[in-house]
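Report on the following structure.
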Amino acid sequence: MPAIRIGINPISWSNDDLPSLGGETPLSTALSEGKEIGYEGFELNGKFPKDAKGVGDVLRPYDLALVSGWYSSRLARRSVAEEIDAIGSHVELLAKNGATVLVYGEVADSIQGQHIPLVERPRFHTEQAWQEYADKLTELARFTLSQGVRLAYHHHMGAYVESPADIDKLMALTGSEVGLLFDSGHCYMGGGEPLQVLRKHIERICHVHFKDVRKPVVQLARNHLWSFPDCIINGTFTVPGDGDIDFGALLDVLLAADYHGWLVVEAEQDPAVAPSYVYAKKGFDTLRALLDERIK
Numbered sequence: 001m002p003a004i005r006i007g008i009n010p011i012s013w014s015n016d017d018l019p020s021l022g023g024e025t026p027l028s029t030a031l032s033e034g035k036e037i038g039y040e041g042f043e044l045n046g047k048f049p050k051d052a053k054g055v056g057d058v059l060r061p062y063d064l065a066l067v068s069g070w071y072s073s074r075l076a077r078r079s080v081a082e083e084i085d086a087i088g089s090h091v092e093l094l095a096k097n098g099a100t101v102l103v104y105g106e107v108a109d110s111i112q113g114q115h116i117p118l119v120e121r122p123r124f125h126t127e128q129a130w131q132e133y134a135d136k137l138t139e140l141a142r143f144t145l146s147q148g149v150r151l152a153y154h155h156h157m158g159a160y161v162e163s164p165a166d167i168d169k170l171m172a173l174t175g176s177e178v179g180l181l182f183d184s185g186h187c188y189m190g191g192g193e194p195l196q197v198l199r200k201h202i203e204r205i206c207h208v209h210f211k212d213v214r215k216p217v218v219q220l221a222r223n224h225l226w227s228f229p230d231c232i233i234n235g236t237f238t239v240p241g242d243g244d245i246d247f248g249a250l251l252d253v254l255l256a257a258d259y260h261g262w263l264v265v266e267a268e269q270d271p272a273v274a275p276s277y278v279y280a281k282k283g284f285d286t287l288r289a290l291l292d293e294r295i296k
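In this note's numbering, the protein residues as written are 1 to 296.
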């Protein structure tokens, strides 16, 4: 088994937050096309079964691995006990299908799916609020780790942890049980330089989403106070090789740190504008070539 494997998120085919984008495309199309392109595994989306056996049954005919799956947490508004009770079945589903990381998204108070300017996202305004959240998160991560699945915290547009400063704060206040999901696209859109953020937090990174950005569109998004759905519809994000991020430099950092895990191609786009197969293949071909150049 190679140390680094290339997977994909089904969002290239259909978007859970914006069902009008590829909502008519069956999951089987995504799986068959992804396999044909060369991807080794998929993350979950809303079209997958909700039970462990069902997920395995769907992936098995295509000889695809389960990479991970997004979990919508409300820990910022709930107790650890409530969150453990809520997250348990998702952790079990992942573990039974061989996934070792959980994509953790904090959706309490998030505006990521709403047509509200991103500048109005929620924030922790006091040291006490940050510490209380961090302590709860460490405890929750300790639970998932005890079940064989590491919590990979997804810094995300429109949520509490979005900017590089937010990431720094979260990593400083949480225990090592809390892993970090590095998303190159959200990092740049959130005001960060992906290479710097990756280097700074490489020891905590346990999962990687490789999303590209079109920098001129990012500037428009900032100037015109777009919402996250506005960013998606107007083409802020794309697959590696189609935008402006240097993925070769990011790979160099990951390889130097002996990263073991998945590189997940993920790009929130409208498949009517960016055809799913064409763009999924561009993302795969770009990463495969960059890896092959570096792993001889």
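Where a beta carbon is used, it is the ideal one built from N, C-alpha and C, also for glycine.
Computed from a prediction, not measured in an experiment: that's the story for all the values here.
Are the beta-carbon atoms belonging to glycine 179 and histidine 207 less than 8 Å from one another?
yes
DSSP state of leucine 181 mapped onto helix, strand, coil:
strand
State the DSSP-derived secondary structure class of arginine 77, mapped to helix, strand or coil.
coil
Can you tell me the Cβ-Cβ gap for histidine 201 and isoleucine 245, rounded? I've got them flagged as a contact below 8 Å.
Not quite, the Cβ-Cβ distance comes to about 17 Å (not below 8 Å), so this is no contact.
Does the region 9 to 16 come within contact of the region 270 to 281, defined as at least 3 CB pairs closer than 8 Å?
yes
Residue closest to glycine 148, alpha-carbon to alpha-carbon, out of Thr100, His90, Val253:
Thr100
Expressed to the nearest angstrom, what Euclidean distance is found between the alpha-carbon atoms of serine 146 and lysine 282?
38 Å
Which class does valine 218 belong to by DSSP, given the choice of helix, strand or coil?
If DSSP states are grouped into helix, strand and coil, valine 218 belongs with the helices.
Pairwise C-alpha distance: arginine 288 and aspartate 51:
32 Å
Would lysine 211 be called buried (16 or more neighbouring beta carbons within 10 Å of its own) or exposed?
buried
Using 10 angstroms around the beta-carbon of glycine 191, count the other beta-carbons present and answer buried if the total reaches 16, otherwise exposed.
exposed
Alpha-carbon to alpha-carbon, phenylalanine 247 and glutamate 203:
19 Å
What are the start and end residues of the beta strand (DSSP E) that includes tryptophan 130?
Counting along the chain, tryptophan 130 falls outside any beta strand (DSSP E), though it belongs to the alpha helix (DSSP H) covering 127 to 146.
Are three or more beta carbon pairs between the region 120 to 132 and the region 57 to 69 nearer than 8 Å?
no
Beta carbon of serine 73, beta carbon of glutamate 83: below 8 Å?
yes
8 Å Cβ cutoff met for histidine 156 and glutamate 162:
yes
Identity of the residue in Leu263, Tyr160, Phe143 nearest glycine 175 by Cα
Phe143
For glutamine 112, count the other beta carbons within 10 Å of its own beta carbon; 16 or more makes it buried, fewer makes it exposed. Which is it?
buried
CA-CA distance, valine 55 and valine 91?
13 Å
Coarse secondary structure for tyrosine 188, derived from DSSP in three states
In this structure, tyrosine 188 counts as helix in the three-state DSSP scheme.
Let's see if you can read the secondary structure: which residues bound the alpha helix (DSSP H) around valine 253?
247 to 256
Excluding the five sequence neighbours on either side, which residues of its own chain have a C-beta within less than 7 Å of the C-beta of lysine 136, listed in chain order?
Within the same chain, lysine 136 has close Cβ partners Leu75, Val80.
Cα-Cα separation, glycine 41 to valine 264
Distance between the alpha carbons of glycine 41 and valine 264: 9 Å.
Check whether the Cβ atoms of histidine 260 and alanine 95 sit closer than 8 Å, and answer yes or no.
no
Quickly, what does DSSP pair phenylalanine 124 with across the bridge? List them, please.
According to DSSP, which records beta bridges pairwise, phenylalanine 124 is partnered with nothing at all.
Consult DSSP for glycine 283 and reduce its assignment to one of helix, strand or coil.
helix
Per-residue DSSP class, three states only, for tyrosine 277:
helix
Within 10 angstroms of the Cβ of threonine 126, are there 16 or more other Cβ atoms? Answer buried if so, exposed if not.
Label assigned to threonine 126: exposed.
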